[in-house]
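Each residue of the sequence shown is one higher than the one before, starting from 1497 at the first, in this note's numbering. For glycine and all other residues, C-beta sits at the position ideal for the given N, C-alpha and C. These figures come from a predicted structure and were not determined experimentally.
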Amino acid sequence: GTHRAFPIKGDSMLPVKDGSFIVAKFIEDVDDIKDGSTYIVLTKEDGLVYKRVYNRIKDRKSLLLYSDNKKYAPYEVKIEDVLEVWQFTCCINTQEYDKDELKLSSILNMFQELKVELKSIKITPSEKVALENT
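Put into structure tokens, the structure is as follows:
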């Protein structure tokens, strides 16, 4: 199939760095989009974006686009605004990672895991009262 390299700008898909290139394969049929995979999406409104995509064409006639960097909110794009979709094949970094950057990435991952764990062990109001009375 047809492949192309796309320049990446910004930090929304860490650890893919600003200035990297994503090599991607052209998707002929949007029904082939696999939930949770990453794609380059060319839209009328935003131009090129690299995001984790969830296919909602059948029920909502749209794609849900998520950044791996949680400081960016997910958003929805109507399928009629999508011009092209390209599936991730590989990433080419144009800069080396420095050792401090890798440490920061590890810390961010640790906080994400901790956040998930905390959500799973939330205390119910009755448990809170019981703890306060001990």
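Legend entry - Outcome for isoleucine 1603 when other beta-carbon atoms lying within 10 angstroms are tallied against a minimum of 16: So isoleucine 1603 ends up on the exposed side.
Legend entry - Close Cβ partners of asparagine 1565 (< 8 Å) along its chain, the five nearest in sequence each way excluded: Residues of the same chain with a CB within less than 8 Å of the CB of asparagine 1565, apart from the 5 flanking positions on each side, are Asp1507, Ser1508, Met1509, Leu1510 in chain order.
Legend entry - Three-pair Cβ contact test at 8 Å for the segment 1513-1523 versus the segment 1551-1566: In this structure the segment 1513-1523 does not lie against the segment 1551-1566, because fewer than three pairs of beta carbons, one per stretch, are closer than 8 Å.
Inset, instruction - Label phenylalanine 1522 either buried or exposed according to how many other C-beta atoms from any shown protein chain fall within 10 Å of its C-beta, with 16 as the threshold for buried. - result: Exposed is the call here.
Inset, instruction - Could you tell me if serine 1533 is buried or exposed, where buried requires 16 or more neighbouring beta carbons within 10 angstroms of its beta carbon? - result: Classification of serine 1533: exposed, given that the 10 Å Cβ count is below 16.
Inset, instruction - Report yes or no: is there a C-beta of chain D within less than 8 Å of the C-beta of glutamate 1541? - result: In the structure shown, chain D cannot be found, because there is only a single protein chain.
Legend entry - Span of the beta strand (DSSP E), counted from its first residue to its last, around lysine 1530: Boundaries for lysine 1530: no beta strand (DSSP E) harbours it, and the DSSP string shows neither H nor E there.
Legend entry - DSSP state of lysine 1540 mapped onto helix, strand, coil: DSSP, read as helix, strand or coil, puts lysine 1540 in coil.
Inset, instruction - Spatial neighbours of tyrosine 1571 within its chain, please: CB distance less than 7 Å, with the 5 preceding and 5 following residues excluded, ordered by chain position. - result: Excluding sequence neighbours, tyrosine 1571 sits near Leu1561.
Inset, instruction - Helix, strand or coil for lysine 1554, going by three-state DSSP, please let me know. - result: Reduced to three states, the DSSP call for lysine 1554 is helix.
Legend entry - Selected residue, minimal CA-CA separation from glutamate 1524, among Glu1628, Asn1551, Trp1582, Lys1530: Nearest option by C-alpha distance: Trp1582.
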